[in-house]
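Reviewing the structure listed below.
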Amino acid sequence: MHITVIGTGYVGLVTAACLSDFGHTVVGVDKDHNKINALKNGRIPIYEPGLDDIVQRNVQAGRLRFTTDITEEFDRTQVVFIAVGTPPQEDGSADLQHVEAVAREIAPLINDYKVIVNKSTVPVGTGARVRQVIAAHQTQKVPFDVVSNPEFLREGSAVGDFMRPDRVVIGTESDRAREIMKEVYRALYLIETPFVFTNIETAELIKYASNAFLATKITFINEIANICEAVGADVQTIAKAMGMDGRISPKFLHAGPGYGGSCFPKDTKALVRIARDHGETASIVEAVVQANQRQKERMVQKIHNILGGLQGKTIALLGLAFKPNTDDMREAPSLTIIRGLLEQGATVRAFDPAAMDEARKILGDTITYCRDEYETAQGADALIIVTEWNQFRRLDLARMKTLLNQPVLVDLRNIYTPQEAKAAGYRYTGVGQGKSSETHGN
Amino acid sequence: MDVAVIGCGYVGLVTAAGLADLGHSVIGIDKDPRKINKLKAGIIPIYEPGLAELVQRNLVTGRLTFTESIRPAVERSVVLFITVGTPSNYDGTADLTQVEAVAREIAAAMTSYKVIINKSTVPVGTARRVKELIKKHLPAPVAFDVVSNPEFLREGSAVHDFIYPDRIVIGAESVKAVALMKELYSGFLKKKVPFIVTNPETSELIKYAANAFLANKIAFINELANLCEAIGGDIETVALGMGLDHRIGPHFLKAGPGYGGSCFPKDTWALIQIGASYGSPLTITKAVVEANENHKRRMALKIKDALGSPAGKTVAVLGLAFKAQTDDLRESPAIPIIEELIASGVSVRGHDPAALTEAKKAFADTITYYEDIYEAARGADAIVIATEWEIYRQVDLPRLKSVMKDPVIIDLRNIYRPDELSTAGFRYTRIGQKDIR
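Next comes the structure, spelled out in structure tokens:
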């Protein structure tokens, strides 16, 4: 099949690359000349494991091309994916100007039946809106269908998520469009991936619902972690026991400094907004959004408490990205933590294996950027683990101790046990590990 | 092992019978002589599938006996379960009066090492409290341990849940107590059931956390169901799409009239109280509790909306128990729904295959009771499905329509397919999807 993917940001690029890997002929379109030039030369502007291989392989095979010209190959294309950005506006609603601009631009180009697919996470009603905009700007009355096909990609494992998804959601009222979408995902159909066929509104809601629920799960366990600290219980044991309940599932029950990233904060706020716009309330998700903000701020207090104050202290931060295996800093807990530390008069040194450039864009020269873990620790009053990169799981704690001003370890991802930190001579605090939560037997 | 189970309510009875079935010699103790006499005769005072058979089987072998007196049972047993009731106080905290009374009685009768186990769902700190209490009331110093070992039984499948647990949680402070607990549950160890051994506080919190999370799942999907009605989405498909995400899982994503029962409402409230008392607010659970209350009220509005002008109408409510396979009416969504309908001048008929006796206690003569679905529906202006009993799925729709005054079904459990009801000529309202009129 011939497919056009408009927008070569994170979602667009993964979609274009993986669809070409399924054997389709794909054109990736972006307005940004620099980006397209980089892609033509095989350079991937984002950090995503495995993506560069797939792009290069399919560019070489001639199945994947990049262009700034939306009309290129458009006559032959059967399916147009819209994968442009939908950044959140101040009120939490998604900004649809890029989506609508694309709809206006492609409308006069539609020369025979095409399927227009919303791949970006867009508010309920956007599918209907795109249909209206296209119909209003068509120069010839050619039939087309709009489909909602939300992406469920996780940064850091997006390629695997596209190639082996938990499910594919297709929202459309048209049988013809449904058959074409099946053809697009034929490779997944053959490996018995579950397909959910529904109407556009339902498909649009599924993405928000899934992300909001996962954000709820994280925030729920974070509130349990806080109570564990108060009563002397251990949140990791609770999470383990909860996860053994077949109705709960053990995933996303890791207590930590709060969720961040480009999806959960945006999608939770958008869902709250969508409900309000329709005269309903998403009161649980509202509580989640607020609790998550408090959780991030609470981490500053935690560091304050173990040091007995922050004024004049030097803090070494390991990990800046919102999670490991990404360079994404959007809404990262590290930002709230750094802001709080600086406000209270501390000096911050930091290291992240991938997100240093992104961090510089946001934090400028307010903090010191270090080459590695050990340089970061030099002369610091406390070592804080903010992101659970694998390389932070096996730190040489003895060496670290000689570099630190004092051996204090604040482990916001619970990647060390209190016992091993204590054995290495550290004062240690994790998240949700109450004082008397030593376990017995087993 | 010699085991005493003190308190023969729902949890105590399943525990006693289950442990006897594992091969232990179990005495069940209860203060209520009528209950004990019934149990001795193999008559089970609660509705729980498979329990009567389990009790009778172990009565016959002599591994399970019942008595009113606590002292001889304490003397002969090493392992003592406390399974008395912990009802909610008005402020949501658990009332520990009965637990504390039993602790004092155990102390008075103790002359050798015992493991005392809190099986009831009790607030964080109860194990330590029981330990202090026993210590204080011991006539002479004797070694003992207090262990938290929460039950994870679901009404309607409690026997199965006891025999095939997802996990065994043991909150203990002494190696000796842990070893005895493992011996007690060695049957499960052999079946590779995971054991979680931790401190009492963690163990006590697990039950609340698990139940509060499940309540969260239900309340979350119900809020989305409301949103689906507003935007023209379909909650069943949203739940399907969400549930296929392995990090979410498909369970407890069934939209309905709100959760009820003896656990979720009580445990969510208690968890909020525990958080408040330690200065650690559980804002999400609080939002869940409020959303669930709002949702139940919303159900009554939904019904009234479908009726048009409710005053003078007759409505048959099918299902009164808080869920299928139980006679339990506690916090059932049917209660606020029926109260609101009555207040709006609706005359309400109630049907339930198991909960009519309990329902009569709750509603007295404010509603009329039916044992036959079609009799309940005769001349009614609408039917409300409030509990997902299987018999309601099997109903003869044409016959139902022929006896009703107006063919209207408000299906609060989404047990029917919209197309089958429209084919049968019903006006149909369900949860999380636009109505068929």
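Read top to bottom, the protein sequences are chains A and B.
Counted the way our numbering counts, the first sequence spans residues 1 to 442.
Counted the way our numbering counts, the second sequence spans residues 443 to 879.
Glycine residues also receive a C-beta, built at the ideal position from the N, C-alpha and C atoms.
Item to check | residue 769 of chain B and residue 488 of chain B closer than 9 Å at C-beta | outcome: Here residue 769 of chain B corresponds to residue number 327 of the second sequence, with the count starting at 1. Here residue 488 of chain B corresponds to residue number 46 of the second sequence, with the count starting at 1. Yes. Within cutoff.
Checklist entry - Using the C-alpha atoms, what's the distance from residue 233 of chain A back to residue 536 of chain B? => result For this step, residue 536 of chain B is matched to residue 94 along the second sequence. For this step, residue 233 of chain A is matched to residue 233 along the first sequence. Here the C-alpha atom of residue 536 of chain B lies approximately 19 Å from the C-alpha atom of residue 233 of chain A.
Checklist entry - Which of the three DSSP states, helix, strand or coil, is assigned to residue 758 of chain B? => result Reading the second sequence from its first residue, position 316 is the one you call residue 758 of chain B. In this structure, residue 758 of chain B counts as strand in the three-state DSSP scheme.
Item to check | Contact between the stretch 685-692 of chain B and the stretch 762-781 of chain B (3+ Cβ pairs under 8 Å) | outcome: no
Checklist entry - List, in order along the chain, the chain B residues whose C-beta lies closer than 7 Å to that of residue 234 of chain A? => result Stepping through the first sequence from its first residue, residue 234 of chain A is reached at position 234. Here the neighbours are 640, 644.
Checklist entry - Along the chain, which unbroken stretches of the beta strand (DSSP E) at least 3 residues long are found entirely within the stretch 714-764 of chain B? => result 756-760
Checklist entry - For residue 600 of chain B versus residue 456 of chain B, is the C-beta distance shorter than 9 Å? => result On the second sequence, position 158 is the one that residue 600 of chain B refers to. On the second sequence, position 14 is the one that residue 456 of chain B refers to. Against a cut-off of 9 Å, the Cβ pair of residue 456 of chain B and residue 600 of chain B comes out as a contact.
Checklist entry - So, is residue 141 of chain A buried or exposed, given that buried needs 16 or more other C-beta atoms within 10 angstroms? => result What you label residue 141 of chain A is simply residue 141 of the first sequence in a count that begins at 1. Exposed, because fewer than 16 other Cβ atoms sit within 10 Å of the Cβ of residue 141 of chain A.
Item to check | Whole-angstrom C-beta distance between residue 530 of chain B and residue 711 of chain B, which should lie under 8 Å | outcome: Position 269 of the second sequence, counting from 1, holds the residue named residue 711 of chain B. Position 88 of the second sequence, counting from 1, holds the residue named residue 530 of chain B. Sure, about 6 Å apart at Cβ, within 8 Å.
Checklist entry - Do you know offhand how far residue 92 of chain A's Cα is from residue 717 of chain B's? => result Against the first sequence, residue 92 of chain A aligns to sequence position 92. Against the second sequence, residue 717 of chain B aligns to sequence position 275. Roughly 30 Å separates the two Cα atoms.
Checklist entry - I think residue 665 of chain B touches residue 36 of chain A, with their Cβ atoms under 8 Å apart; what is that distance to the nearest whole Å? => result On the second sequence, residue 665 of chain B is found 223 positions in, with the first residue counted as 1. On the first sequence, residue 36 of chain A is found 36 positions in, with the first residue counted as 1. The pair is not a contact, with the Cβ atoms about 43 Å apart (cut-off 8 Å).
Next on the checklist: Let's see if you can read the secondary structure: which residues bound the alpha helix (DSSP H) around residue 693 of chain B?
Outcome noted: Looking up residue 693 of chain B in the second sequence gives position 251. Here residue 693 of chain B belongs to no alpha helix (DSSP H), and DSSP marks it neither H nor E.
Item to check | Amino acids of chain A, ordered along the chain, whose beta-carbon sits closer than 9 Å to that of residue 670 of chain B | outcome: As a working mapping, residue 670 of chain B is identified with position 228 in the second sequence. What residue 670 of chain B touches in chain A: 201, 202, 205.
Item to check | Residues near residue 215 of chain A in its chain [Cβ-Cβ closer than 6 Å; skip 5 each side] | outcome: Walking along the first sequence from the start, residue 215 of chain A turns up at place 215. Cβ neighbours of residue 215 of chain A beyond the five flanking positions: 259, 264, 268, 288.
Checklist entry - For residue 887 of chain B, which of helix, strand or coil comes out of DSSP? => result Chain B is shown only over 443 to 879; residue 887 of chain B falls outside these bounds and no answer can be derived.
Checklist entry - Listing by chain order, which chain B residues have their CB less than 7 Å from the CB of residue 252 of chain A? => result Working through the first sequence from its first residue, we reach residue 252 of chain A at position 252. 689, listed in chain order.
Checklist entry - Would you call the stretch 740-758 of chain B and the stretch 777-785 of chain B in contact, with 3 or more CB pairs under 8 Å? => result yes
Checklist entry - For residue 28 of chain A, which residues of its own chain have a beta-carbon under 6 Å away from its beta-carbon, when the five flanking residues on both sides are left out? => result Position 28 of the first sequence, counting from 1, holds the residue named residue 28 of chain A. Contacts found: 5, 8, 16, 66.
Checklist entry - Could you give the distance in angstroms between the alpha-carbon of residue 332 of chain A and the alpha-carbon of residue 371 of chain A? => result As a first step, residue 332 of chain A must be located in the first sequence, where it is residue number 332. As a first step, residue 371 of chain A must be located in the first sequence, where it is residue number 371. Roughly 20 Å between the two C-alpha positions.
Next on the checklist: Less than 6 Å between C-beta atoms, sequence neighbours within five positions excluded: which residues of the same chain meet that for residue 411 of chain A?
Outcome noted: Reading the first sequence from its first residue, position 411 is the one you call residue 411 of chain A. Closer than 6 Å at Cβ, skipping near neighbours: 385, 430.
Checklist entry - Whose CA, out of A/211, A/224, A/253, lies closest to the CA of residue 685 of chain B? => result Residue mapping note: residue 685 of chain B aligns to position 243 of the second sequence, counting from 1. Checked all of A/211, A/224, A/253; the closest Cα to residue 685 of chain B is A/211.
Checklist entry - Is it true that the CB of residue 369 of chain A sits closer than 9 Å to the CB of residue 392 of chain A? => result As a working mapping, residue 392 of chain A is identified with position 392 in the first sequence. As a working mapping, residue 369 of chain A is identified with position 369 in the first sequence. Cβ atoms of residue 392 of chain A and residue 369 of chain A: not closer than 9 Å.
Item to check | Residues from the stretch 672-701 of chain B in contact with chain A, defined by Cβ distance under 7 Å | outcome: 672, 673, 674, 675, 676, 679, 680, 682, 683, 684, 686, 687, 688, 689, 690, 691, 693, 694
Checklist entry - Who are the neighbours of residue 648 of chain B on chain A, taking C-beta pairs under 8 Å? => result Counted from its first residue, the second sequence places residue 648 of chain B at position 206. Those within 8 Å of residue 648 of chain B in chain A are 237, 238, 241, 242.
Checklist entry - Are the beta-carbon atoms belonging to residue 334 of chain A and residue 321 of chain A less than 9 Å from one another? => result Position 334 of the first sequence, counted from the first residue, corresponds to residue 334 of chain A. Position 321 of the first sequence, counted from the first residue, corresponds to residue 321 of chain A. In contact: residue 334 of chain A and residue 321 of chain A (Cβ atoms closer than 9 Å).
Checklist entry - Do residue 518 of chain B and residue 469 of chain B have their C-beta atoms within less than 9 Å of each other? => result Residue mapping note: residue 518 of chain B aligns to position 76 of the second sequence, counting from 1. Residue mapping note: residue 469 of chain B aligns to position 27 of the second sequence, counting from 1. Yes, Cβ-Cβ distance for residue 518 of chain B and residue 469 of chain B is below 9 Å.
Item to check | Neighbour-count burial assignment, residue 678 of chain B, 16 or more Cβ in a 10 Å radius | outcome: Start at 1 with the first residue of the second sequence, and residue 678 of chain B comes out as number 236. Residue 678 of chain B comes out buried.
Next on the checklist: Comparing C-alpha positions only, which one of B/473, B/467, B/476 sits nearest to residue 501 of chain B?
Outcome noted: Within the second sequence, numbered from 1, the residue matching residue 501 of chain B stands at position 59. The candidate whose alpha carbon is nearest that of residue 501 of chain B is B/467.
Next on the checklist: What are the residues in the stretch 776-793 of chain B lying within 9 Å of chain A by C-beta distance?
Outcome noted: Taking a C-beta cut-off of 9 Å against chain A, none of the residues of the stretch 776-793 of chain B qualify.
Checklist entry - Any idea which residues DSSP pairs residue 636 of chain B with across the strands? => result Here residue 636 of chain B corresponds to residue number 194 of the second sequence, with the count starting at 1. Note: residue 636 of chain B sits in no beta bridge, so no partner.
Next on the checklist: Here's the rule I'm using: 16 or more other beta-carbon atoms within 10 Å means buried, otherwise exposed. How should residue 634 of chain B be labelled?
Outcome noted: Indexing the second sequence from 1 puts residue 634 of chain B at position 192. Here residue 634 of chain B is exposed: its Cβ has fewer than 16 other Cβ atoms, across all protein chains shown, within 10 Å.
Checklist entry - At a CB-CB cut-off below 7 Å, which residues of chain B make contact with residue 226 of chain A? => result One-based indexing of the first sequence puts residue 226 of chain A at position 226. Under the 7 Å cutoff, chain B gives 722.
Checklist entry - To which residues of the same chain is residue 460 of chain B closer than 6 Å at the C-beta, ignoring the five residues directly before and after it? => result Numbered from its first residue, the second sequence carries residue 460 of chain B at position 18. Within the same chain, residue 460 of chain B has close Cβ partners 604.
Next on the checklist: Quick check on this structure: which residue in A/415, A/69, A/44, A/74 has the alpha carbon closest to the alpha carbon of residue 1 of chain A?
Outcome noted: The count along the first sequence starts at 1 and reaches residue 1 of chain A at position 1. With distances taken between Cα atoms, residue 1 of chain A lies closest to A/74.
Checklist entry - Thinking just about the alpha-carbon of each residue, which of A/239, A/22, A/223, A/419 is nearest to the one in residue 299 of chain A? => result The residue you call residue 299 of chain A lines up with position 299 of the first sequence. It is A/223.
Checklist entry - With burial defined as no fewer than 16 other Cβ atoms inside 10 Å of the residue's Cβ, what is the status of residue 556 of chain B: buried or exposed? => result In the second sequence, the residue the question calls residue 556 of chain B occupies position 114. Under the 10 Å beta carbon count, residue 556 of chain B is surrounded by 16 or more other beta carbons and is classified as buried.
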